Structure formats: C-alpha cells, structure tokens
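In the numbering used here, the protein residues as written are 1466 to 1864.
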C-alpha cells in the first residue's frame, strides 16, 4: 500500500496511548521500541533533551517539576475551570494562565518554557507517528484520532489541533466507546439484532454508549459519561490514603514533596494492578522521605472502600444511558472496556444482573476501528461499506 493511502488509528489516552495500522488484511496494534503496545502519554524536559513515552515516565521521580502528563485533562479547557483547578493540586508540574488558557510551565535546556496542552498532546502524537513509521518503514501522514464521547466541541477541536501540530492530516475525530462497540461487532460476527452497552473507563475519562448492531449496521441509541473520571482518580485516593498513613506512622508530612509523591504514586499504580487478581497488594519503597523506608499493604476491600463513591458514580451514567435508550438493565448485551480491572469485579458484585463481560483492552478495540475506518484497502470491502450508523453524526465527528 502506498504511503499516501496509509492511515493510522490513534487512541490518545490520558495515561497511555496506542497506535494501529491496517495491512495484510488485518489490523495490527504496533509495539513501541520497548516492546509495549501502549506508550505512556508523558513528556519530560531536561537540561539536554525532551523525552516522550516510557523514557519520560521512567525519570518522573527524579524530575517531577518537568515531567508532564494528563494533558488530556487540560486540553480544550479554560484555566479557571474548576476541574483544572482541582487537578492542579495533584500535579507536580506548574500550570499557568495565558489569556485564560492553561499552559504547562517547565524548565527546558536552561530556559523557562510554557506549552499549551495541545502542544504536549502533539508531542505524544509525534511519538505514536514515529512508532508507526519505524514499524512500516515509510512515512505516515493520515490519522484518525479518538476522543471521549462527552468531549466538548472545544476539546475535540483542540485534539484535532494537536494532530495538525504533530504534522498529521487528521481525517476524523471519532468517539472512543463507539469505536470500541464497532470493533466488538466486527469481531463477534453474530447474526440478528443485538443491543450492546459499552462501559469504557479509561485513565482519565469515562464513557457509556448503547448501540444496536444488526447486519453490520450500527445505530447509536444513547451516550453518557464523565470527561473527568478515570483510573487516575482511584490512584489519587490511594496516594492520599498512604500520605496520611506515613504521617501517622512516621510523623512526617510528604504532601509537599514532589519526588516522594511521584514514587508513592508509581507504587500505588502497581498495587492497583495487583489488586485486579489478588486480594492484597504490597507497597515497598526504600528511603521514601528523609531516609525512611515505607513498607505497607492494602487489601482489595480497602481499595474498594476508598473509591466506593467513585465506583457508584459510574453507575449513574449507565442508568441515564439506559433511560435515554428506553431499555432496562437486561436489555443491552454488556461489553465492558475497563482499564481499571478492580472496578470490573465491583460492577459484577453490584450489578450481577448485567452479566458484565470484559471485551478486551479498550485502547486496542478503539485503535482497531479507528484504523479500519480509514484504511483505503478495507474501505473497498462490502463489510465496511455496511458498517455505517443510521445516524452517522452520532458515531463520527468530522474533524
């Protein structure tokens, strides 16, 4: 296939991103230079260079002020947005106002620099573009980028701008849960009409979509969600919990020490993943603060207790989507796309009648369809010609 006709699909995530390409009759999710199919949405600035992805995240504890993440939580928002003001309390890097718009301020090569969120996101997109080009052995210019269904027009436009800054021809901005649902439908290949509920909880956003799938036709019945609820909020609760525990046990307050907080957050992320398959996880950090080692643990029950209100908060959009689609809980066939596995178990306990089944890693699902949608060779197939929504505007947002 020529480079002109080659398109990539990018899931630009709050915490991780991934890229896919359609070739040889199938979609391939491309691994980065570390062998991972997801890349941290991190950008770091040092005295000598700019780092993106794994390299940026790995040095975060040593360089917290200049390691930027969560750009997706800033993009398209105003500086005075209460969401931005709340998030700033958790970020080690500095966010300033420039004409009412947020900019991230860092030290880079001995100078103070400030970047708009879309500029930071564009750096991540450049990394994803480079990953694809290294794998394909040729330049790529066309891309489809996914966004949460509940992103505002300004957030969508800012995401498109990030793609343009990255040197990409953004063919389309499409909704993440819809992309996951369509990938789900293509994969299952069942006959007859099906109602599918997509529960997509990412690192920083949450979406619910209900679609009807029949003979390759996808109709969006309802969408709901929260553009500011995700795995990082669960991490924040764990970090706050252990900051208080360290203060209680060691009589030291680390709440203002950015390096200690970064190391603690990394340990909490690891513990959260462990809790998806174990009832207890350990936190072991040597010399966390002033030479004091911090060894502790957390149970799955305690984790669920710390986040119980956030877990419950995910159910309201589900109920709203069901009402809007005029269905009961037994109507749609659930397909959960969870990036935080502990929540899957919680949903099963609280909503056992919904029979939640994990679809797959959502970024791969989302990448799969965003890649398929604009692959020139696949678009010639009748199967994709039939893969259209009866209300196309609900599925695809023109860039």
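Cβ atoms here follow ideal geometry from the backbone N, Cα and C, with glycine treated the same way. Just so we're clear, the structure is a prediction, and the values are computed from it rather than from any experiment.
Check	Outcome
Whole runs of the beta strand (DSSP E) within the stretch 1535 to 1614, excluding any shorter than 3 residues	1559 to 1563, 1566 to 1573, 1576 to 1580, 1607 to 1612
Cβ separation of residue 1592 and residue 1605, assumed to be a contact under 8 Å, to the nearest whole Å	Rounded, the Cβ-Cβ distance is 13 Å, inconsistent with contact.
Residue 1520 (DSSP reduced to helix, strand or coil)	helix
Among 1665, 1494, 1623, the one whose alpha carbon lies nearest that of residue 1696	1665
DSSP beta-bridge partners of residue 1515	1510
Exposure of residue 1489, with buried meaning 16 or more beta-carbon neighbours within 10 Å	exposed
Three or more C-beta pairs below 8 Å linking the stretch 1710 to 1729 and the stretch 1521 to 1539	yes
Selected residue, minimal CA-CA separation from residue 1745, among 1769, 1533, 1759, 1753	1769
Cβ-based burial, residue 1471 [other Cβ within 10 Å; buried from 16]	buried
Continuous alpha helix (DSSP H) stretch holding residue 1717: start and end	That residue, residue 1717, is in no alpha helix (DSSP H); it is neither H nor E in DSSP.
Candidates 1600, 1740, 1586, 1481, of which the one nearest residue 1496 by Cα	1600
Cβ-Cβ separation, residue 1611 to residue 1477 (assumed contact under 8 Å), whole Å	7 Å
Segment limits, alpha helix (DSSP H) that includes residue 1619	1618 to 1630
Residue 1784 - containing beta strand (DSSP E), residue span	Residue 1784 -> not in any beta strand (DSSP E); alpha helix (DSSP H) instead, spanning 1773 to 1789.
Residue 1816 to residue 1660 span [Cα, whole Å]	Note that residue 1816 has pLDDT 47, beneath the 50 cutoff, so the model's placement of it is unreliable and the number below is only indicative. In a straight line, the C-alpha of residue 1816 is about 18 Å away from that of residue 1660.
Candidates 1577, 1552, 1586, of which the one nearest residue 1700 by Cα	1552
Cβ shell of residue 1561 (< 7 Å), same chain only, five flanking positions each side left out	1568, 1570, 1579
Euclidean distance between Cα positions of residue 1474 and residue 1573	31 Å
Boundaries (first-last residue) of the beta strand (DSSP E) holding residue 1634	1634 to 1640
Alpha-carbon to alpha-carbon, residue 1538 and residue 1506	12 Å
Same chain, Cβ closer than 8 Å to residue 1733, five either side skipped, listed in chain order	1700, 1703, 1704, 1707, 1748
Burial state of residue 1688 (16 or more Cβ within 10 Å)	buried
Residue 1630 versus residue 1590: straight-line alpha-carbon distance, rounded	9 Å
DSSP state of residue 1705 mapped onto helix, strand, coil	helix
Beta carbon of residue 1509 nearer than 8 Å to that of residue 1524	yes
Residue range of the beta strand (DSSP E) that includes residue 1660	1659 to 1666
DSSP bridge partner residues for residue 1491 (one or two, in chain order)	1488
Per DSSP, the bridge partner or partners of residue 1684	1677
Limits of the beta strand (DSSP E) - the one that residue 1500 falls within	Looking at the DSSP string, residue 1500 is not in any beta strand (DSSP E), and its letter there is neither H nor E.
Of the listed residues 1785, 1737, 1718, nearest to residue 1753 (C-alpha basis)	1718
Counted within 10 angstroms of its Cβ, other Cβ atoms place residue 1698 as buried (16 or more) or exposed	buried
Where residue 1614 falls, given that 16 or more other Cβ within 10 Å makes a residue buried	buried
Nearest-angstrom beta carbon gap, residue 1668 and residue 1480 [assumed within contact, 8 Å]	3 Å
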